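J.: Protein chains in written order, with the UniProt record's numbering: chain H, 1 to 350; chain B, 1 to 350.
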DNA sequence: ATGAAAGCGCTAACAT
DNA sequence: ATGTTAGCGCTTTCAT
């Protein structure tokens with residue numbers, strides 16, 4: 001009978017001793033192929049393990065095997081519904097594949113992100129998944145870190161950021177924004193403002209450009225003063241709308257915010273100015289986070305399959321080949337009450 | 001010069017060889033106390049590590065040291081803003097303490113949860129943090145698993161679930177609900193309905209009981225038919241409100257949903273019935289998730305410091321002693337427009 | 001089918 | 001201050 005010290009878990013040795021077999025056999029019975037261990041030994045090992053409450057030490061397993069069953073997920077902010085939806089998909093996919101997820105948060109700081117990748121790399125995860133637009137231009141250090149990780153056999157997948165030499169799952173932000181513009185014009189809108197995020201965010205740029213391009217296609221332009229830049233957050237949206245209102249939106253009929261949280265902030269700003277979103281000024285967003293249907297009026301937006309993106313990222317990370325494979329997921333314009341159909345002339349005629 | 005195979009990372013040996021020192025010295029320089037290694041060797045080891053792009057293998061480190069720098073976080077649903085806020089706090093605290101977080105999602109299934117605890121235990125995390133009400137009564141298997149984990153030296157902390165023999169961070173749901181009831185009565189409300197969650201959820205029970213007790217203190221009772229049970233989710237809130245409306249709310253003035261997501265679902269149900277939340281029927285929730293201020297009218301609720309709860313859970317998990325220590329965090333009633341002050345008689349008099 | 005033994009990458013006495 | 005040596009818990013040849 002092996003004496004069980006408190007303060008530490010039973011080891012494979014303990015189980016083997018208890019079952020009266022060698023550690024090798026115990027290993028085979030518990031974690032290796034069941035094939036070549038006799039039924040009776042198998043049973044007694046299993047019994048011993050259960051009795052002792054044995055759980056394999058995954059770290060030891062990892063060092064011995066040289067590989068882990070972990071995937072590292074890096075997001076900018078887990079409290080942001082956009083990222084938490086992606087995370088939910090990723091966790092779901094990972095668990096289905098028997099992987100455990102380790103998560104880290106960059107707080108939108110490139111330095112932090114580099115640090116995180118470096119730390120997480122220490123766990124030798126099977127894959128590293130980066131979600132969300134990288135910020136800033138100088139990505140050399142990060143790229144180097146990832147290159148080293150890949151060279152060592154790790155997989156990298158990125159979410160919503162085409163153009164990197166990794167497996168990528170994304171949507172076509174430009175085209176989706178174009179579609180939204182077209183739908184809005186078809187809905188009767190003619191005069192637009194755009195609440196955009198920081199220029200360094202590729203996502204923000206793509207959506208802005210797509211939207212403007214979509215309008216241009218119908219001969220509509222957006223004056224520079226009606227393109228307001230602010231943070232990619234709800235407060236940013238609030239600030240942007242406040243600025244827009246200050247500048248005098250004149251006959252602007254609709255403000256397109258490049259993401260939903262900004263749009264929701266913008267709606268709040270309208271209310272703070274005693275205006276009614278959808279009535280006094282229509283608002284559209286992008287992402288279709290769950291709050292988009294919670295607000296009133298419900299927000300017109302572009303559906304982004306965030307959860308599915310997380311799931312596909314795992315698939316990509318697990319797929320053998322396809323180095324730079326890009327998975328484009330479909331989007332969908334959903335018109336809701338924040339952009340009521342517009343007939344006849346503008347409310348405020350010039 | 002050590003030959004570097006592709007497909008695997010440089011090891012400490014490689015670094016040591018490159019620097020012309022023993023592995024032990026390299027270890028001390030890189031991961032041990034810097035104290036007892038000469039400045040020049042230190043420098044050359046560091047240089048070698050940088051040159052090779054060395055990252056310590058945390059698994060190997062863990063097996064050798066017998067301890068890890070990981071904490072496992074278990075939540076019911078990471079896409080739920082309540083949990084993602086707690087997770088954000090936990091991740092923040094963990095990163096500050098140099099720990100990495102591994103996350104798993106129970107999907108509110110006790111079986112799944114047991115499985116998860118068992119798997120995560122394999123990583124020998126420094127601590128396991130359980131967030132959210134346990135479901136169901138028969139917790140023996142889970143309790144046993146946790147007991148074994150603790151016996152082996154692990155720390156367990158739970159969030160929002162007093163009564164377990166672990167470090168706990170929670171709020172006083174009962175009292176907070178009482179406070180809310182009192183505030184609402186002071187605000188002029190007299191006739192209430194409650195949209196509650198499943199009876200197995202302790203949180204739901206506590207909030208219901210507290211609310212009813214708070215009303216009772218002022219001589220107000222809630223008829224059984226005005227207490228509607230549904231899922232603890234937004235759809236649950238929608239369903240509950242729909243049921244309430246079907247039953248004929250008579251002169252009910254305010255519906256208290258035991259959490260914000262239910263309250264928001266309830267508001268949606270009101271709109272679906274062509275009623276205006278706050279005007280035709282006041283609504284109050286509980287948690288103060290960020291969406292509470294996004295909806296219109298903004299939701300009256302009880303502020304729960306979710307992020308702080310996540311942070312404190314880490315503290316608790318790191319604190320040496322205090323086995324069953326319970327940290328009670330303060331809550332705050334916030335009255336918003338979904339419960340306008342009520343003067344004079346009910347809108348619909350009997 | 002099973003065990004003995006070597007080794008995964010790292011740390012920690014123990015020497016010196 | 002540094003190197004040598006023996007592990008940590010597990011897997012995996014290699015024998016038998």
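Cβ coordinates follow ideal geometry from the N, Cα and C atoms, glycine included. Nothing here was measured: the structure is a model prediction, and the numbers come from that model.
Under 7 Å between C-beta atoms, does residue 25 of chain B make it to chain H?
T.: One-based indexing of the second chain puts residue 25 of chain B at position 25. By this cut-off, residue 25 of chain B is not an interface position.
J.: Measuring straight from C-alpha to C-alpha, what distance separates residue 256 of chain B and residue 287 of chain B?
T.: Reading the second chain from its first residue, position 256 is the one you call residue 256 of chain B. Reading the second chain from its first residue, position 287 is the one you call residue 287 of chain B. Rounded to whole angstroms, residue 256 of chain B to residue 287 of chain B spans 12 Å at the Cα level.
J.: For residue 249 of chain B, go through chain H and note every residue whose CB falls closer than 8 Å to its CB, in chain order.
T.: Residue mapping note: residue 249 of chain B aligns to position 249 of the second chain, counting from 1. The contacting residues do not exist; residue 249 of chain B stays about 21 Å from chain H at best.
J.: Which partner residues of residue 332 of chain H appear in the DSSP bridge assignment?
T.: Taking the first chain and counting its residues from 1, the one referred to as residue 332 of chain H is at position 332. DSSP lists H:303 as partners of residue 332 of chain H.
J.: Output yes if chain B places a C-beta closer than 7 Å to the C-beta of residue 311 of chain H; else output no.
T.: Stepping through the first chain from its first residue, residue 311 of chain H is reached at position 311. Closer than 7 Å: no.
J.: Using a Cβ-Cβ cut-off of 7 Å, state whether residue 264 of chain B counts as contacting chain H.
T.: Here residue 264 of chain B refers to the residue found at position 264 when the second chain is read from its first residue. Yes, contact with chain H.
J.: Do residue 333 of chain H and residue 179 of chain H have their C-beta atoms closer together than 7 Å?
T.: Translated into positions along the first chain, residue 333 of chain H becomes position 333. Translated into positions along the first chain, residue 179 of chain H becomes position 179. Yes, the Cβ-Cβ distance between residue 333 of chain H and residue 179 of chain H is below 7 Å.
J.: Measuring only between beta-carbons, confirm whether residue 337 of chain H sits less than 7 Å from chain B.
T.: Against the first chain, residue 337 of chain H aligns to sequence position 337. Chain B, which has no Cβ nearer than 7 Å to the Cβ of residue 337 of chain H, makes this no.
J.: Go ahead and label residue 1 of chain H buried or exposed: buried means 16 or more other beta carbons lie within 10 angstroms of its beta carbon, across all protein chains shown.
T.: Reading the first chain from its first residue, position 1 is the one you call residue 1 of chain H. Model confidence at residue 1 of chain H stands at a pLDDT of 43, short of 50, so the residue's coordinates are unreliable and nothing is read from them.
J.: Report yes or no: do three or more beta-carbon pairs, one from the region 161-172 of chain H and one from the region 278-296 of chain H, lie closer than 8 Å?
T.: No: the two stretches stay apart, fewer than three of their Cβ pairs being nearer than 8 Å.
J.: Could you compute how far the alpha carbon of residue 28 of chain H sits from the alpha carbon of residue 42 of chain H?
T.: As a working mapping, residue 28 of chain H is identified with position 28 in the first chain. As a working mapping, residue 42 of chain H is identified with position 42 in the first chain. Taking the straight line from one Cα to the other gives about 9 Å.
J.: Anything in chain B within Cβ reach of residue 241 of chain H, meaning under 9 Å, just list it in chain order.
T.: By 1-based counting over the first chain, the position of residue 241 of chain H is 241. Near residue 241 of chain H there are no residues of chain B at all, since even the closest Cβ is about 14 Å away, more than 9 Å.
J.: Write down every uninterrupted run of the alpha helix (DSSP H) in the region 74-122 of chain B whose length is 4 residues or greater and which is fully enclosed by it, in chain order.
T.: Correct list: 81-96, 110-121.
J.: Is residue 97 of chain H near the ligand ATP - that is, is its Cβ less than 6 Å away from at least one heavy atom of it?
T.: The ligand ATP is absent from the structure shown, which contains no ligand whatsoever.
J.: Identify whether residue 209 of chain H lies in helix, strand or coil by the three-state DSSP scheme.
T.: Your numbering for residue 209 of chain H matches position 209 in the first chain. The answer is helix: DSSP assigns residue 209 of chain H an H, G or I state.
J.: Would you mind telling me which residues of chain B sit closer than 8 Å to residue 120 of chain H, beta carbon to beta carbon, in chain order?
T.: Taking the first chain and counting its residues from 1, one reaches residue 120 of chain H at position 120. By Cβ distance, chain B contributes 100.
J.: Is the distance from the Cβ of residue 155 of chain H to the Cβ of residue 317 of chain H below 7 Å?
T.: Working through the first chain from its first residue, we reach residue 155 of chain H at position 155. Working through the first chain from its first residue, we reach residue 317 of chain H at position 317. Cβ atoms of residue 155 of chain H and residue 317 of chain H: closer than 7 Å.
J.: Hey, is residue 46 of chain B's beta-carbon within less than 7 Å of any beta-carbon in chain H?
T.: Here residue 46 of chain B corresponds to residue number 46 of the second chain, with the count starting at 1. No, residue 46 of chain B lies away from the interface with chain H (no Cβ there is under 7 Å from its Cβ).
J.: Rounded C-beta distance between residue 229 of chain B and residue 196 of chain B? I'm assuming under 8 Å.
T.: Here residue 229 of chain B corresponds to residue number 229 of the second chain, with the count starting at 1. Here residue 196 of chain B corresponds to residue number 196 of the second chain, with the count starting at 1. That pair is a contact at about 5 Å.
J.: Inspect the beta-carbon positions of residue 403 of chain H and residue 207 of chain H and report whether they are closer than 7 Å.
T.: Any question about residue 403 of chain H goes unanswered here, given that chain H covers just 1 to 350.
J.: Looking at chain H, which residues of the UniProt domain "HTH lacI-type" (10-65) of chain B have a Cβ within less than 7 Å of any of its Cβ atoms?
T.: Of all residues in the UniProt domain "HTH lacI-type" (10-65) of chain B, 53, 55, 56, 57, 58, 59, 60, 62, 63 have a Cβ within less than 7 Å of some Cβ in chain H.
J.: For residue 155 of chain H, does the three-state DSSP call read helix, strand or coil?
T.: Within the first chain, numbered from 1, the residue matching residue 155 of chain H stands at position 155. Strand at residue 155 of chain H.
J.: Which class does residue 18 of chain B belong to by DSSP, given the choice of helix, strand or coil?
T.: Here residue 18 of chain B refers to the residue found at position 18 of the second chain. Reduced to three states, the DSSP call for residue 18 of chain B is helix.
J.: Look up residue 129 of chain H in the DSSP assignment and say whether it is helix, strand or coil.
T.: Working through the first chain from its first residue, we reach residue 129 of chain H at position 129. DSSP places residue 129 of chain H in strand when its eight states are reduced to three.
J.: Verify whether the separation of the beta carbon atoms of residue 48 of chain B and residue 71 of chain B is less than 7 Å.
T.: Here residue 48 of chain B refers to the residue found at position 48 of the second chain. Here residue 71 of chain B refers to the residue found at position 71 of the second chain. For residue 48 of chain B and residue 71 of chain B, no; Cβs fall outside 7 Å.
J.: What residue from H:310, H:305, H:23, H:26 has the CA that sits closest to residue 330 of chain H's CA?
T.: The count along the first chain starts at 1 and reaches residue 330 of chain H at position 330. Ranking the options by Cα distance to residue 330 of chain H, first place goes to H:305.
J.: What residue from B:85, B:73, B:132, B:95 has the CA that sits closest to residue 202 of chain B's CA?
T.: Locating residue 202 of chain B in the second chain gives position 202, where the first residue counts as 1. Ranking the options by Cα distance to residue 202 of chain B, first place goes to B:132.
J.: Give me the DSSP bridge partner(s) of residue 355 of chain H.
T.: Since the first and last residues shown for chain H are 1 and 350, residue 355 of chain H lies out of range.
J.: Please check the pair residue 159 of chain B and residue 86 of chain B, which I expect to be a contact at CB under 8 Å, by giving their CB distance rounded to whole angstroms.
T.: The residue you call residue 159 of chain B lines up with position 159 of the second chain. The residue you call residue 86 of chain B lines up with position 86 of the second chain. So it is a contact: roughly 6 Å between Cβ atoms.
J.: Return helix, strand or coil for residue 220 of chain H, following the three-state DSSP convention.
T.: The sequence position of residue 220 of chain H within the first chain is 220, counting from 1. Coil.
J.: Using a cut-off of 9 Å between C-beta atoms, extract the partners of residue 7 of chain B located in chain H.
T.: Counting from one through the second chain, the residue named residue 7 of chain B turns up at place 7. 151, 152, 153, listed in chain order.
J.: Starting from residue 84 of chain H, find everything on chain B with Cβ-Cβ shorter than 7 Å and list it in chain order.
T.: Here residue 84 of chain H corresponds to residue number 84 of the first chain, with the count starting at 1. Residues of chain B passing the Cβ test: 78, 79, 84.
J.: How many angstroms separate the CA atom of residue 129 of chain B from the CA atom of residue 91 of chain H?
T.: One-based indexing of the second chain puts residue 129 of chain B at position 129. One-based indexing of the first chain puts residue 91 of chain H at position 91. Each residue's alpha carbon lies about 17 Å from the other.
J.: Quick one: grab the DSSP three-state call for residue 291 of chain B.
T.: As a working note, residue 291 of chain B is residue 291 in the second chain. In the structure shown, residue 291 of chain B sits in a helix (DSSP, three-state: H, G or I).
J.: Would you kindly work out how many angstroms separate the C-alpha atoms of residue 66 of chain H and residue 8 of chain H, rounded to a whole number?
T.: Taking the first chain and counting its residues from 1, the one referred to as residue 66 of chain H is at position 66. Taking the first chain and counting its residues from 1, the one referred to as residue 8 of chain H is at position 8. If I take the Cα positions, the gap works out to 24 Å.
J.: Check the Cβ of residue 148 of chain H against every Cβ in chain B and list those closer than 7 Å, keeping chain order.
T.: Within the first chain, the letter at position 148 stands for residue 148 of chain H. Neighbours of residue 148 of chain H on chain B, chain order: 53.
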